[in-house]
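To start, the structure under review is shown below, and the notes come after it.
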Amino acid sequence: MFKIIKYLVYLAIIAGIIIAFLMWNGGDKIRWFGKKSEEIGHTVKEKSEVFGDKSDKLEEGLTEKKELIEEKVKTVVKKAEEHGIIKREQEK
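Sequential numbering of the sequence shown, starting at 60, is according to the working numbering.
Have a look at this one:
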């Protein structure tokens, strides 16, 4: 447990030194990283909206196909019962 705390303290010290060094140089690298992160965020948002729209269209199409298949299966089963191919027990 104490080793973990010791490593966290070391990590905080090293991170503080790195941040202080970057700020001493004007912080241009931090700003660059922030701009790139923002650009990536916008790209991810746009792509997720496109994927969401496509998945909605796909889901609608699958729902329509499922309903069509269920209708066809019911029709086939009904015709098979009429011709005596399938015999079901009567529900009470």
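From the three backbone atoms N, C-alpha and C, an ideal C-beta is built for every residue, glycine too. This structure is a prediction, so every number in the text was calculated from the model and none was measured.
K151, buried or exposed, once every other Cβ within 10 Å from all chains shown has been counted against 16: With a pLDDT of 49 at K151, under the threshold of 50, the modelled position of this residue cannot be trusted, and the question is left open.
Contacts around K113, its chain only, beta-carbon distance under 8 Å, and the 5 residues preceding and following it disregarded: Contacts found: none.
L70 burial status per 10 Å Cβ neighbour count (16 or more: buried): exposed
Backbone secondary structure at R152 - three-state DSSP: Nothing in the structure corresponds to residue 152, since the chain is present only between 60 and 151.
K131 to E119 span [Cα, whole Å]: Spanning the two alpha carbons is a distance of roughly 19 Å.
M82 (DSSP reduced to helix, strand or coil): helix
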